[in-house]
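Asker: Please find one structure pasted underneath; my questions will follow.
In my numbering, the protein residues as written are 4 to 92.
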């Protein structure tokens, strides 16, 4: 509750509206619904946890072995050029 004096000498009292829920109660509220990170639809807490575990597991990359070897050789070349910049490779 906040009390203020106006310049006319009357006392003014400022209170929040009755339908306003105090912040202390809102902080202790348990959240039981969430939004899906995929499409934004409402999901329960259990479904949200399952969805998060499915999204956190990354499948192994499927890359052609020849491309993998080329990337490896390019990384070695870049490393060697940092140490020996005069090489013409």
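Each residue gets a CB set at the ideal place from its N, CA and C atoms; glycine is no exception.
Rounded C-beta distance between residue 45 and residue 36? I'm assuming under 8 Å.
Answerer: Right, the Cβ-Cβ distance comes to about 6 Å (below 8 Å), so this counts as a contact.
Asker: For residue 45, which three-state DSSP category applies?
Answerer: The answer is strand: DSSP assigns residue 45 an E or B state.
Asker: What are the start and end residues of the alpha helix (DSSP H) that includes residue 74?
Answerer: Residue 74 -> alpha helix (DSSP H) spans 68-86.
Asker: Quick check: the Cα distance between residue 18 and residue 51, rounded to an integer number of angstroms?
Answerer: Whole-angstrom Cα-Cα distance: 38 Å.
Asker: Could you give the first and the last residue of the continuous alpha helix (DSSP H) run that contains residue 33?
Answerer: Taken as a continuous stretch (DSSP letters only), residue 33 belongs to no alpha helix (DSSP H), as it is neither H nor E.
Asker: Using only CA atoms, which one of 40, 67, 82 and 83 lies nearest to residue 58?
Answerer: Minimum Cα distance to residue 58 is reached at 40.
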